[in-house]
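Asks: Positions 115 to 323 (this note's numbering) are the ones given, in order, by the sequence shown.
Using N, Cα and C, we set each Cβ at its ideal position, and we do this for glycine too.
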Amino acid sequence: MAQNQINLINLERMFDDLAQNNWAASSTVFTREFCQNLAHECQKLHSEGAFQKASIGRGVTKTVHTEIRGDFTLWIEEDAATPLQKAFLSNLQLLLQKLNQDFYLGLKRYETHFALYPPGAGYDKHIDNHRGSGARKITFILYLNESWQKGDGGELSLYQPDQENVLITQIEPLLGTLVLFRSDLFPHQVEKSFQPRLSITGWFRDDAS
Ligand code: OGA
Ligand code: NI
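Listed below in C-alpha cells is the structure:
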C-alpha cells in the first residue's frame with residue numbers, strides 16, 4: 115500500500131476552511147479504499163474483544179460514566195501497530211507537518227484511538243481540552259461507517275465557542291468524512307446512535323511525550 119493516502123490538494127481546501135472557521139469537514143482527503151480497510155480492521159478488532167469502555171478525566175479522577183460517554187476505544191500505539199495502523203499513523207504524521215506548515219501550531223505529537231459506539235450510546239456535550247492542560251490543539255475524527263442511513267443518529271453536533279447552545283452544524287459519521295477542529299474552542303456532542311458507530315478519533319498536541 116502506498117504510504118501517502120492523503121489527497122494534498124483537497125487537504126489544502128480543508129485547511130482554508132479550518133483557517134476561516136476553526137473547524138472543517140471533508141470527505142475527499144483520505145482515499146475511500148484506505149477508509150474501508152480501516153473500517154474492516156476496526157470491526158475485526160472489536161469483534162475480538164480488543165476494545166475497552168472509554169473513561170473520562172485523567173489520573174485519580176479517571177472514571178467510567180456510561181451515561182456521559184458510551185463508546186468503547188482501542189488506542190493505536192506505534193509499538194503494537196498493524197501494517198495498516200502504521201500506514202494510518204504515518205499519514206497522521208504528514209497531517210501534523212502540514213498543520214504546522216500552514217498554522218504554525220508547534221504540534222509535536224498525536225494520540226489516537228479507534229472508537230465504537232454501540233447502539234444507544236452517545237457522548238454528552240464537552241470540550242476536548244482537559245481542564246488544566248492545554249496540550250490538545252487540534253481534534254480530528256475520521257468516520258468509518260460505510261452504510262450509514264438517515265435516521266441512524268450518531269451525528270456530531272458542533273456548537274459555537276462561548277455560546278454552547280448555538281448549534282453550528284451536525285455532521286453525519288459517513289465513511290471517509292474527516293473532521294478537524296480547535297480542541298480548546300468547540301463544545302460538541304455525539305448524538306445517540308442507533309447503529310454501531312465506528313471512527314478513529316485523536317488529537318494533535320504541542321507537548322512532548
Ligand atoms: C471525542 C468526541 C466525536 C465523534 O471522542 O472526544 O467528541 O464524533 N468524538 O466521535
Ligand atoms: Ni470530543
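1. Would you please state the rounded distance, in angstroms, between the beta carbons of A235 and D185? I believe it to be under 8 Å.
2. Whose CA, out of D238, G248, Q150, lies closest to the CA of D321?
3. Taking 6 Å as the limit between beta carbons, can you name the residues of its chain near V255, skipping five residues before and five after?
4. Starting from N214, trace the alpha helix (DSSP H) in both directions and tell me its first and last residue.
5. Along the beta strand (DSSP E) that carries K158, what are the first and last residues, could you check?
6. Following the continuous beta strand (DSSP E) through E126, name the residue where it begins and the one where it ends.
7. When DSSP labels each residue in this structure, what does A194 get in the three-state scheme?
8. Under a three-way DSSP split, which group does V143 fall into?
9. Any contact between the stretch 254-270 and the stretch 300-312? By contact I mean 3 or more CB pairs, one from each, below 8 Å.
10. Distance check for L206 and K222, CA to CA, integer angstroms please.
Replies: Working from what's here:
1. Within the sequence shown, the letter at position 121 stands for residue 235. Within the sequence shown, the letter at position 71 stands for residue 185. The Cβ separation is near 6 Å, so the contact holds.
2. Taking the first residue of the sequence shown as position 1, residue 321 is located at position 207. The residue with the shortest Cα to Cα distance from D321 is G248.
3. Numbered from 1 along the sequence shown, position 141 holds the residue referred to as residue 255. The displayed chain sequence assigns Ile, not Val, to residue 255. In the same chain as I255, and ignoring 5 residues on each side of it, the C-beta atoms closer than 6 Å to its own belong to V293, S313, T315, in chain order.
4. Stepping through the sequence shown from its first residue, residue 214 is reached at position 100. For N214, the enclosing alpha helix (DSSP H) covers residues 197-217.
5. The count along the sequence shown starts at 1 and reaches residue 158 at position 44. In the DSSP annotation of this structure, K158 is not part of any beta strand (DSSP E); the continuous alpha helix (DSSP H) holding it starts and ends at 146-161.
6. Working through the sequence shown from its first residue, we reach residue 126 at position 12. No beta strand (DSSP E) contains E126, which is instead part of the alpha helix (DSSP H) from 122-135.
7. One-based indexing of the sequence shown puts residue 194 at position 80. In this structure, A194 counts as helix in the three-state DSSP scheme.
8. Within the sequence shown, the letter at position 29 stands for residue 143. It is coil, neither helix nor strand.
9. Contact holds: three or more Cβ-Cβ distances are below 8 Å.
10. Sequence index remark: in the sequence shown, residue 222 carries index 108 (1-based). Sequence index remark: in the sequence shown, residue 206 carries index 92 (1-based). Taking C-alpha positions only, K222 is separated from L206 by approximately 12 Å.
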